[in-house]
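Taken in order, the first sequence gives residues 992 to 1284; the numbers are from the numbering used here.
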Amino acid sequence: MPELPEVETIRRDLAPALHGARIESVRVAPDAERMVRTPPAGAFAAALRGQRIDGIERRGKYLVLRLERGGALIVHLGMTGALLLRRVGDPPDPYTRVVFALDGGRELRFSDLRKFGNLWLVEDPAEVVGKLGPEPLEGLTGERLRAMFRRRSAPVKAVLLDQEALAGIGNIYADESLFRAGIHPLRPANSLRRADLERLARAIPETLKEAMGHRGSSYRDYRDAEGREGSHQFYVRVFRRTGAPCFVCGTPIARIKVAGRGTHFCPTCQRPPRRRASRGRSALSSRHPAVVP
DNA sequence: CACAGCTCCTGGCAGC
DNA sequence: TGCTGCCAGGAGCTGT
C-alpha cells in the first residue's frame, strides 16, 4: 500500500526522468475509465497530448505532475497502484490501466490491480489536494498535534488515518508510529497528554524517514518506478506481526480492528485507554436519576 | 461538525 | 479438485 514513504520513493525515482519529458499520447483502458476522475477519460487523454512535464511533487499520498502549459496531472495510487517507467516494447505489466507514451521511446505505465487508484487533470492542484492536512515531515510538533486532536474523540489511530488531519499516513505507518510512541491505538485522540503528543510528534517523522531509507514497504503489491520492492516490511515492529514477540518486551503482538482497519500493537508497551464507564446505571447517574415523564 | 459504516475492486486463501 | 465466501484497505459518500 503506497503511503507517504512509498509515494516519495516513487517521486524521487521519477523526478529526473520525467522533468522536461513530453507526453506524446495517453491511452486509458476502457474498463479503467472511471479511474480518471476529471475530466472524462477522452478529454483527459486529448488535453495531455503534447504537454511537457515541468516537475513532480508529492502532497500526502498524491503525486502532482506540473505541466509546462499550466495545470497539473495528479495521481493517487490507491491500494495497489504503481507508476512504472518502461520503454516501448518492454514486456507488458499486468493490470496496466493507463499508458502515457513519452518522448524518447519511453512509457509511464499506471498499473493497478484493484482500480482504487485515481487520476485528475486540473488547472489548480488545490482542487484535489487542497483539503489535505499538513505534511508530517514538515515541522510536526506536539503542539500542532494537540490542536489537530482537540475536537477529536475518535481513536487516535483513526485520526492519524484522516488525510484532512495529517497527510500521508496509512495503516502501516499509523501502527508503527503509535508503537514507537508507546500509545495505544484506541486512545481517544483528545485524551493524549502533552508527553504523549511530544513522543508521537517525534515518532511519526522517525517512522516515515526510516521507511524511506528502506524505499518503502512491499507486502504484496507495492513496487517502485522500476518495478522493484521496498524492504521496510522486514523492519516493522508491529504491523502484521500478530502473535510474534514484541521486540522490546516479548509480549505477543495483538491485532484488533480500529476504524475498520486491521490494527497491530503491543499490549504491554502501549497501555490501553481507561475503560469507558459502563453503559448500565453508573453510581453517578443513579445518584442523579433521570426524571421520567 | 464528528463519527461510524458502507462502497468500490480483485486475487488469495480458508473451509467444505 | 473445485467451489463459495471472506479478507485486505484509501478515500468518498451517506446517515446519524
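A virtual CB, placed ideally from N, CA and C, is assigned to each residue, including glycine. Values in this document were obtained by computation on a predicted structure and should not be read as measured data.
- A straight-line Cα-Cα distance of about 47 Å links Thr1087 and Arg1185.
- Glu997 and Gly1062 have their C-alpha atoms some 24 Å from each other.
- The criterion of a C-beta distance shorter than 8 Å is satisfied by Leu1005 and Ala1216.
- Within 10 angstroms of the beta-carbon of Cys1240 lie fewer than 16 other beta-carbons, which makes it exposed.
- In the structure shown, Arg1057 falls within a strand segment according to DSSP collapsed to helix, strand and coil.
- Cβ-Cβ distances below 7 Å link Arg1137 to Leu1188 in the same chain, with the five nearest sequence neighbours on each side left out; the list follows chain order.
- DSSP places Ala1073 in the strand class (E or B) of the three-state scheme.
- Pairing Lys1200 with Phe1101, the inter-Cα distance amounts to about 26 Å.
- In the DSSP assignment, Gly1204 falls outside any beta strand (DSSP E) and lies within the alpha helix (DSSP H) extending over 1185-1204.
- Note: Asp1103 is bridge-paired with Gly1072 in the DSSP secondary-structure output.
- If the five residues before and after Asp1045 are omitted, its C-beta is found closer than 7 Å to the C-beta atoms of Arg1057, Leu1058, Glu1059, all from its own chain and listed in chain order.
- Checking the DSSP bridge columns, you'll see Gly1253 partnered with Lys1248.
- For the pair Ala1008 and Pro1243, the Cα-to-Cα distance works out to about 45 Å.
- Collapsing the DSSP output to three states places Val1066 in a strand.
- Looking at the DSSP output, Val1113 bridges to Ala1063.
- Here Gly1159 is buried: its Cβ has 16 or more other Cβ atoms, across all protein chains shown, within 10 Å.
- With a cutoff of 8 Å on beta-carbon distance, Leu1110 and Arg1028 are scored as near each other.
- Under the Cβ criterion (8 Å, minimum of three pairs), the stretch 1225-1235 does not count as touching the stretch 1015-1025.
- Three or more Cβ pairs drawn from the stretch 1164-1174 and the stretch 1257-1265 lie within less than 8 Å of each other, which places the two stretches in contact.
- Just so you know, the alpha carbons of Phe1170 and Pro1031 end up roughly 43 Å apart.
- Between the alpha carbons of Ala1180 and Glu1118 lies a distance of about 28 Å.
- In the DSSP assignment, Asp1153 falls outside any alpha helix (DSSP H), carrying neither H nor E.
- Contiguous alpha helix (DSSP H) elements confined to the stretch 992-1037 occur at 995-1009, taking only those with 4 or more residues.
- The beta carbon of Leu1068 lies closer than 6 Å to those of Pro993, Gly1108 in the same chain, with the five residues before and after it left out.
- For a cut-off of 8 Å, the C-beta gap from Ala1165 to Leu1152 is around 6 Å, short enough to register as a contact.
- Assignment of Ala1216 by DSSP, reduced to helix, strand and coil, places it in the coil class.
- In this structure, the alpha-carbon of Glu1167 lies about 42 Å from that of Glu1015.
- Ile1047 sits in a strand when the DSSP states are folded into three classes.
- A buried status is given to Ala1036, since no fewer than 16 other beta-carbon atoms sit within 10 Å of its beta-carbon.
- For Ala1092, the enclosing beta strand (DSSP E) starts and ends at 1087-1093.
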